[in-house]
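**Q** Below is a structure I'd like to ask you about.
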Amino acid sequence: MRTLCPNLDREDALETVLEVPIPEEMFPCHKTTANKPWQTMKSWMMKPHSDKSTPSSVFGGRSAEIQLLLSVAGAPLVPAPIPSNHSCANKINDHPIESSMAKYIIKQYIAAAGGESAMNSVESMYAMGKVKMAASEFTSGGVGGGEGLQGEGKAVMMKMKSMKSGGGEVGGFVLWQRRPGLWSLELVVSGCKISAGCDGKLAWRQTPWQNSHASRGPPRPLRRSLQGLDPRSTANLFSNAICTGEKPVNGEDCFVLKLEAEAKSLKARSSGNVEIIKHTMWGYFSQRTGLLVQLEDSHLLKIKSPNNDNVYWETNMESLIQDYRPVNGVNIAHAGRTSVSLFRFGENEEENTRTRMEELWNIEEVDFNIKGLSLDCFLPPSDLMKEDDHLEDHSLKKEVGNWIGMKLRSNTNGSNKVSSGKGVKIAAIDEYYVEKNGDYEQQYS
């Protein structure tokens, strides 16, 4: 990872420290001129242009595809907040058997991760890594629930980029954390940057294509932190889970712990037009090592329509967590793979769609107890408005309408394509981007 960029105007000038390190892959070896690697990175950091000749044109071009990847897989949150005064060493007595088993499994996980003393000594954390993302598959028309396709002869599947064959968008990220409950993430992929954070009172997100906004409900931890980077938060979160059985994962026999968001939390995250139906997370803990080897969650929301033509969005994420290494006595995962399935369904089966995405991630640096990491590092953006303020802004309503969903149409050749009105052709769905009134698909088509 490159952390410095040269000054091309003056050879004797100091190099500039990059806010987000750039992957080494963006600097091919050039013997003709020393400036070529920096020019490569400069062009990479520029806004990507649409390429209608590639499979990504189903999303309205490469730029919209990158926005989809970052919106869905960039900075998702876990289902429930973690109490700041929660102890890793809760007693397991006087609980139902499923809860008692989960608490016992978490005790084994704490020991495997380095012990409670080592984890409690961590007041702050820094992690820097690289990612590779790709939208690997798009299916439209006759897509049914579960794993199968319904509507014989109607489903149209398009295989897209495969990271095994070298496809995908590369990038880097920096994550900062501080107890209790403060975190900040900056992620740059192919010139697009997403920032997210939490100051302990609210969680927020900022992108080039969307105004800064705060999430509804109580602040929740970043899912990326629980992918083997923050064992203490993982232990605290799953201490309230139940054990649902056993399952083999990647050759490891694992205990399965299940955590569901409470009804009051789902209600707080819902709005007039959007209902969060469920948000569930599963942790798979190795019976051999005691460590977390897979994290899985499912998020289902309903977008209401005045004519009762409701649309449902289901997001399923599955992260394989690998390459644990000790860092100051705490076992930290340094690599993994995340698979995402984004499923849209409703009354009209022909407009059902499923998009599959994947991400490879590697951790390059990790350190604890960072000196000088003040509370100011976790302040939200100055232009941040609460969600209700956003929804009163007519211009934002129009933008939300352009983003809110996928809509299938037939072109003159009879083939299917995706559109959601003018502007960006496809976008991720979460509870932040919701309009209170109106039929968004008809109004903004």
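The numbering used here numbers the first residue of the sequence shown as 2 and each following residue consecutively.
Ideal placement from N, C-alpha and C gives every residue a C-beta, glycine not left out.
1) Roughly how far, in whole angstroms, is the beta-carbon of Leu296 from the beta-carbon of Gln211, given that I think they are within contact range, below 8 Å?
2) If I measure Cβ to Cβ from Gln323 and keep anything under 6 Å in the same chain, skipping five residues before and after, which residues do I get?
3) Please confirm whether Cys378 and Trp177 have their CB atoms less than 9 Å apart.
4) Could you spell out the range, first to last residue, of the alpha helix (DSSP H) harbouring Met126?
5) What would DSSP say about Val73, mapped onto helix, strand or coil?
6) Going by DSSP, name the residue or residues bridged to Gly201.
7) Considering Cα atoms alone, identify which of Ala128, His96, Lys104 is closest to Glu20.
8) Taking the beta strand (DSSP E) that Ile304 belongs to, which residues open and close that run?
9) Taking the alpha carbon of Ser137 as the reference point, which residue from Pro382, Val341, Leu385, Val367 has its own alpha carbon closest?
10) With H, G and I counted as helix, E and B as strand and the rest as coil, what does DSSP make of Asn121?
11) Identify, in the order they occur along the chain, each residue of the same chain with its Cβ nearer than 7 Å to the Cβ of Ile277, setting aside the five sequence neighbours on each side.
12) Please name the residue, chosen from Ser299, Pro97, Asp310, Glu263, that lies closest to Glu348 on a Cα-to-Cα basis.
13) How is Tyr445 classed by DSSP in three states: helix, strand or coil?
14) Can Asn274 and Lys248 be called in contact, C-beta distance under 9 Å?
15) Residues in the same chain with beta-carbon distance under 7 Å from Glu26, minus the five sequence neighbours each way, listed in chain order, please.
16) Measuring straight from C-alpha to C-alpha, what distance separates Ile195 and Lys131?
17) Rank Tyr110, Ser125, Glu16 by C-alpha distance to the C-alpha of Ile371 and give the top, closest one.
18) Quick check: Ala236 and Tyr110, are their CB atoms within less than 9 Å of each other?
19) Who are Gln207's beta bridge partners in DSSP?
20) Could you tell me whether the Cβ atoms of Leu292 and Ala119 are closer together than 9 Å?
21) Quick check on the burial criterion: 16 or more other C-beta atoms within 10 angstroms. Buried or exposed for Leu258?
22) Check Met2 in the structure and name its three-state DSSP category.
23) Secondary structure at Ala14, three-state DSSP: helix, strand or coil?
24) On the CB-based measure, 16 or more other CB atoms within 10 Å of its CB, does Ser191 come out buried or exposed?
25) What residues match up with Met282 in a beta bridge as DSSP calls it?
26) Mind checking whether Thr281 and Pro80 have CB atoms under 9 Å apart?
**A** The structure says:
1) Stepping through the sequence shown from its first residue, residue 296 is reached at position 295. Stepping through the sequence shown from its first residue, residue 211 is reached at position 210. In fact, because the Cβ distance is near 26 Å, the residues do not count as touching under 8 Å.
2) Indexing the sequence shown from 1 puts residue 323 at position 322. Correct list, in chain order: Ala336, Gly337.
3) On the sequence shown, residue 378 is found 377 positions in, with the first residue counted as 1. On the sequence shown, residue 177 is found 176 positions in, with the first residue counted as 1. Yes.
4) Here residue 126 refers to the residue found at position 125 of the sequence shown. Run containing Met126: none in the alpha helix (DSSP H); it sits in the beta strand (DSSP E), 125 to 141.
5) Within the sequence shown, residue 73 is the residue found at index 72, counting from 1. Three-state result, Val73: helix.
6) Counting from one through the sequence shown, the residue named residue 201 turns up at place 200. Paired residue(s): none; Gly201 is not in a bridge.
7) Position 19 of the sequence shown, counted from the start, is the residue given in the question as residue 20. Of the candidates Ala128, His96, Lys104, the one whose C-alpha sits nearest the C-alpha of Glu20 is Ala128.
8) Taking the sequence shown and counting its residues from 1, the one referred to as residue 304 is at position 303. From DSSP, the beta strand (DSSP E) with Ile304 extends over 293 to 304.
9) Within the sequence shown, residue 137 is the residue found at index 136, counting from 1. For Ser137, the nearest C-alpha among the options comes from Val341.
10) As a working mapping, residue 121 is identified with position 120 in the sequence shown. In the displayed model, Asn121 falls within a helix according to three-state DSSP.
11) Translated into the one-based positions of the sequence shown, residue 277 becomes position 276. The residues are Leu267, Arg270, Ser271, Leu302, Glu432.
12) In the sequence shown, counting from the first residue as 1, residue 348 sits at position 347. It is Asp310 whose Cα lies nearest to the Cα of Glu348.
13) For this step, residue 445 is matched to residue 444 along the sequence shown. In this predicted model, Tyr445 has a pLDDT of only 26, less than 50, meaning its place in the structure is not dependable; the value taken from the coordinates is given anyway. DSSP, reduced to helix, strand and coil, places Tyr445 outside both helices and strands of the structure shown, so it counts as coil.
14) As a first step, residue 274 is located in the sequence shown; it is residue number 273 there, counting from the start. As a first step, residue 248 is located in the sequence shown; it is residue number 247 there, counting from the start. It is not a contact, given that the beta carbons lie outside the stated cut-off.
15) For the purposes of this step, residue 26 is taken as the residue at position 25 of the sequence shown. Same-chain partners within the cutoff: Val171.
16) The residue you call residue 195 lines up with position 194 of the sequence shown. The residue you call residue 131 lines up with position 130 of the sequence shown. If I take the Cα positions, the gap works out to 14 Å.
17) In the sequence shown, counting from the first residue as 1, residue 371 sits at position 370. Selected option, being the one with the closest Cα: Ser125.
18) Taking the first residue of the sequence shown as 1, we reach residue 236 at position 235. Taking the first residue of the sequence shown as 1, we reach residue 110 at position 109. Yes, these two residues count as a Cβ contact at 9 Å.
19) Indexing the sequence shown from 1 puts residue 207 at position 206. Answer is Ser196.
20) Within the sequence shown, residue 292 is the residue found at index 291, counting from 1. Within the sequence shown, residue 119 is the residue found at index 118, counting from 1. In this structure, Leu292 keeps its C-beta atom at 9 Å or more from the C-beta atom of Ala119.
21) As a first step, residue 258 must be located in the sequence shown, where it is residue number 257. Leu258 comes out buried.
22) In the sequence shown, residue 2 corresponds to position 1, counting from 1. Three-state DSSP puts Met2 in coil, outside helix and strand.
23) Residue numbering aside, residue 14 sits at position 13 when the sequence shown is read from its first letter. In the structure shown, Ala14 sits in coil (DSSP, three-state: anything other than H, G, I, E or B).
24) Along the sequence shown, one-based indexing puts residue 191 at 190. Result: buried.
25) Mapped onto the sequence shown, residue 282 falls at position 281. Residue pairing by DSSP places Met282 opposite Leu260, Asp298 in a beta bridge.
26) As a working note, residue 281 is residue 280 in the sequence shown. As a working note, residue 80 is residue 79 in the sequence shown. Cβ distance < 9 Å, so Thr281 and Pro80 count as in contact.
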